[in-house]
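Here the protein sequences come in this chain order: A and B.
If you're matching positions, the first sequence starts at 1 in the numbering used here and goes up one per residue.
If you're matching positions, the second sequence starts at 173 in the numbering used here and goes up one per residue.
Just so you know, even glycine gets a beta-carbon here, dropped at the ideal spot from N, CA and C.
In this text the structure is predicted, and so the values were computed from the model without any measurement.
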Amino acid sequence: MFTLRSAGRTAACTLALSCLSVAANARDYAFGELKITHPWTRPTPPSAPTAAGYLTIVNRGKSPDRLIGGSTPAAGKLEIHQMSMTGGVMSMRPVAGGLVIPAGGSVSLAPEGFHLMLIGPKHPFRPGEHIPVALTFEHAGTVKLNLEVEQPADTGGAMPGMAMPGGHMDMH
Amino acid sequence: MRRLFGAAAALVLLAGIGVAVFVAWPRPVPSPSRSSEIGGPFALIDQDGRLVTDRTFLGKPTVFYFGFTYCPEACPTTLGHLAVWMKALGSDANKLNVVFISIDPERDTPAKLKAYLSAYDPRFRGRTGSPEAVAAAAHQFNVFYNKVPLQGSDYTVDHSTTLYLMDAQGHFVEPIGYDEDPKMALASLKALVGA
Numbered sequence: 001m002f003t004l005r006s007a008g009r010t011a012a013c014t015l016a017l018s019c020l021s022v023a024a025n026a027r028d029y030a031f032g033e034l035k036i037t038h039p040w041t042r043p044t045p046p047s048a049p050t051a052a053g054y055l056t057i058v059n060r061g062k063s064p065d066r067l068i069g070g071s072t073p074a075a076g077k078l079e080i081h082q083m084s085m086t087g088g089v090m091s092m093r094p095v096a097g098g099l100v101i102p103a104g105g106s107v108s109l110a111p112e113g114f115h116l117m118l119i120g121p122k123h124p125f126r127p128g129e130h131i132p133v134a135l136t137f138e139h140a141g142t143v144k145l146n147l148e149v150e151q152p153a154d155t156g157g158a159m160p161g162m163a164m165p166g167g168h169m170d171m172h
Numbered sequence: 173m174r175r176l177f178g179a180a181a182a183l184v185l186l187a188g189i190g191v192a193v194f195v196a197w198p199r200p201v202p203s204p205s206r207s208s209e210i211g212g213p214f215a216l217i218d219q220d221g222r223l224v225t226d227r228t229f230l231g232k233p234t235v236f237y238f239g240f241t242y243c244p245e246a247c248p249t250t251l252g253h254l255a256v257w258m259k260a261l262g263s264d265a266n267k268l269n270v271v272f273i274s275i276d277p278e279r280d281t282p283a284k285l286k287a288y289l290s291a292y293d294p295r296f297r298g299r300t301g302s303p304e305a306v307a308a309a310a311h312q313f314n315v316f317y318n319k320v321p322l323q324g325s326d327y328t329v330d331h332s333t334t335l336y337l338m339d340a341q342g343h344f345v346e347p348i349g350y351d352e353d354p355k356m357a358l359a360s361l362k363a364l365v366g367a
């Protein structure tokens, strides 16, 4: 049963990879030993002083790398922050000394954890828009990529007048 | 003699403990519900610069949230959820006040709050005020927040992420936690507006 299932999964993955390579490329980036998948950010209201960017960094190399900073033309500043929740209290702090991407490992910047903090967006981010960012790694150097402006899967960034993912909750 | 002194000292000590226990022992509070714990008088400025109090919108149930516009994640997520729930409530949403109280009044001016909140739902109301007035309001709701300096003159604010549901008379009904199941949260809001 196990072998059948895993064989099926492998086949499905192979199929998906070959079929969706174009779609995957649109969101995923490779820079030497680093692979960056699904960079995204939320739509922002006008006058929002901040926006958070999320992505996963995979290090396929034999030595660790470190995300030490970045910049974006779409906001005043880009920093690496960490959010944490303790007893219902939200805290947010800049990550001191950068974010280590272990050799052969990966780090996810995701809601309720690490994120790129875009301080002072120069315009409201609209769904479907691409926000260019440059991320600087200790070894890989500076890499450029786009954050896609998306509604999060949990509808958390939903705003009136914007397309919302259907099927999550009955809305009429 | 020494024995007698020891016994007297013990007696005094026991009496002391007795008094301490009497003083510290929780006594029943003469209140009909939990409403005395959360909520109470406050006076703040709304998104249009008008003075508002806890009594301004009595007559409709109210959802209170304490946050700040510089908040990159918890506040946008909560406001996004609230916007979706307002839509799901349909016309019943008009029976509800949603009030966002800024715990960062130094940066969140009425105009900034108005622009920020109206992008989620034009019915959302903002509250700000002097740091003292905001602190007093937060205290009424047992809301924790703490200004944390960052590099330079920058700062962030750690804060509670709970939604407080109050009935039309201003009595606390129940909270909705940050990670509450959206269906449960919507059920709570429906119950609040009597839908």
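#1: Just grab the DSSP bridge partners of Gly69 of chain A for me.
#2: Quick one: which residues of the stretch 216 to 249 of chain B get their C-beta closer than 8 Å to a C-beta of chain A? List them in chain order.
#3: For the beta strand (DSSP E) containing Thr300 of chain B, name the first residue and the last one.
#4: Closest to Arg295 of chain B by CA distance: which of B:Trp257, B:Ile210, B:His311, B:Ala359 is it?
#5: Going by alpha carbons, who is nearest to Asp330 of chain B out of B:Asn318, B:Ala340, B:Gly324, B:Leu251?
#6: In the DSSP assignment, find the unbroken alpha helix (DSSP H) run with Lys284 of chain B in it and report its ends.
#7: What does the alpha-carbon distance come out to for the pair Asp326 of chain B and Phe125 of chain A?
#8: Under a CB-based cut-off of 8 Å, is Val149 of chain A close to chain B?
#9: Going along the chain, which residues of the stretch 327 to 340 of chain B sit with their C-beta nearer than 8 Å to a C-beta in chain A?
#10: For Glu79 of chain A and Gly70 of chain A, I'd like the C-alpha separation in whole angstroms.
#11: Look at the alpha carbon of Ser63 of chain A and the alpha carbon of Asp28 of chain A, and state the distance between them as a whole number of angstroms.
#12: Return the chain-ordered ranges of every beta strand (DSSP E) run that is complete within the stretch 75 to 130 of chain A and spans a minimum of 3 residues.
#13: Less than 8 Å between C-beta atoms, sequence neighbours within five positions excluded: which residues of the same chain meet that for Leu216 of chain B?
#14: Helix, strand or coil for Gly212 of chain B? Go by DSSP, reduced to three states.
#15: Can you check which of these residues, A:Val100, A:Ala52, A:Met92, is closest to Val188 of chain A by C-alpha distance?
#16: Identify whether Val315 of chain B lies in helix, strand or coil by the three-state DSSP scheme.
#17: Using only alpha-carbon positions, find the residue among A:Leu147, A:His115, A:His123 that is nearest to His130 of chain A.
#18: Can you tell me the Cβ-Cβ gap for Ser47 of chain A and Lys284 of chain B, rounded? I've got them flagged as a contact below 8 Å.
#19: 8 Å is my cut-off, CB to CB: does Pro45 of chain A come that close to chain B?
#20: Please state if the CB of His115 of chain A and the CB of Met83 of chain A are separated by a distance shorter than 8 Å.
#21: Taking any Cβ of chain B, which residues in the stretch 34 to 67 of chain A have a Cβ under 8 Å from it, in chain order?
#22: I need the boundaries of the alpha helix (DSSP H) containing Lys362 of chain B, first residue and last residue.
#23: Determine, for Gly349 of chain B, whether the minimum Cβ-Cβ distance to residues of chain A falls below 8 Å.
#24: Could you work out which residues of chain A lie near Lys284 of chain B, taking near to mean beta carbons separated by less than 7 Å?
#25: In the DSSP output, what is Trp257 of chain B paired with across the bridge?
In short:
#1: As a working note, residue 69 of chain A is residue 69 in the first sequence. Looking at the DSSP assignment, Gly69 of chain A forms a beta bridge with A:Thr136.
#2: Answer in chain order: Thr241, Tyr242, Cys243, Pro244, Glu245, Ala246, Pro248, Thr249.
#3: Walking along the second sequence from the start, residue 300 of chain B turns up at place 128. Residues 296 to 300.
#4: Looking up residue 295 of chain B in the second sequence gives position 123. Residue B:Trp257 is the option with its Cα nearest to Arg295 of chain B.
#5: The residue you call residue 330 of chain B lines up with position 158 of the second sequence. With distances taken between Cα atoms, Asp330 of chain B lies closest to B:Asn318.
#6: By one-based count along the second sequence, residue 284 of chain B stands at place 112. Here the alpha helix (DSSP H) through Lys284 of chain B covers 282 to 290.
#7: Your numbering for residue 326 of chain B matches position 154 in the second sequence. Your numbering for residue 125 of chain A matches position 125 in the first sequence. The alpha-carbon atoms of Asp326 of chain B and Phe125 of chain A are separated by roughly 23 Å.
#8: Start at 1 with the first residue of the first sequence, and residue 149 of chain A comes out as number 149. At a cut-off of 8 Å between beta carbons, Val149 of chain A makes no contact with chain B.
#9: Listed in chain order, the positions of the stretch 327 to 340 of chain B with a beta carbon within less than 8 Å of a beta carbon of chain A are Thr328, Asp330, His331, Ser332, Thr333, Thr334.
#10: Counting from 1 along the first sequence, the entry for residue 79 of chain A is found at position 79. Counting from 1 along the first sequence, the entry for residue 70 of chain A is found at position 70. So the alpha carbons of these two residues sit roughly 7 Å apart.
#11: The residue labelled residue 63 of chain A in the question sits at position 63 within the first sequence. The residue labelled residue 28 of chain A in the question sits at position 28 within the first sequence. Cα-Cα distance, rounded: 21 Å.
#12: With a minimum length of 3 residues, the continuous beta strand (DSSP E) runs that stay inside the stretch 75 to 130 of chain A are 75 to 86, 89 to 94, 99 to 101, 106 to 109, 114 to 121.
#13: Along the second sequence, one-based indexing puts residue 216 of chain B at 44. Take Leu216 of chain B, set aside five residues on each side of it, and the residues of its chain with a beta-carbon closer than 8 Å to its own are Leu223, Val224, Thr225, Ile273, Arg299, Thr300, Gly301, Ala305, Val306, Ala309, in chain order.
#14: The residue given as residue 212 of chain B occupies position 40 in the second sequence. It is coil, neither helix nor strand.
#15: In the structure as shown, chain A starts at 1 and stops at 172, and residue 188 of chain A therefore has no counterpart that could be examined.
#16: Position 143 of the second sequence, counted from the start, is the residue given in the question as residue 315 of chain B. When secondary structure is reduced to three states using DSSP, Val315 of chain B falls in the coil class, being assigned neither helix nor strand.
#17: Locating residue 130 of chain A in the first sequence gives position 130, where the first residue counts as 1. Selected option, being the one with the closest Cα: A:Leu147.
#18: Within the first sequence, residue 47 of chain A is the residue found at index 47, counting from 1. Within the second sequence, residue 284 of chain B is the residue found at index 112, counting from 1. So it is a contact: roughly 5 Å between Cβ atoms.
#19: In the first sequence, counting from the first residue as 1, residue 45 of chain A sits at position 45. Chain B has a Cβ within less than 8 Å of the Cβ of Pro45 of chain A.
#20: Against the first sequence, residue 83 of chain A aligns to sequence position 83. Against the first sequence, residue 115 of chain A aligns to sequence position 115. Closer than 8 Å, so yes.
#21: Listed by position, the residues of the stretch 34 to 67 of chain A near chain B (Cβ gap below 8 Å) are Arg42, Thr44, Pro45, Pro46, Ser47, Ala48, Pro49, Thr50, Ala51, Ala52.
#22: Sequence index remark: in the second sequence, residue 362 of chain B carries index 190 (1-based). Residues 354 to 365.
#23: Position 177 of the second sequence holds residue 349 of chain B. Yes, contact with chain A.
#24: One-based indexing of the second sequence puts residue 284 of chain B at position 112. Ser47, listed in chain order.
#25: The residue given as residue 257 of chain B occupies position 85 in the second sequence. In DSSP, Trp257 of chain B forms no bridge with anything.
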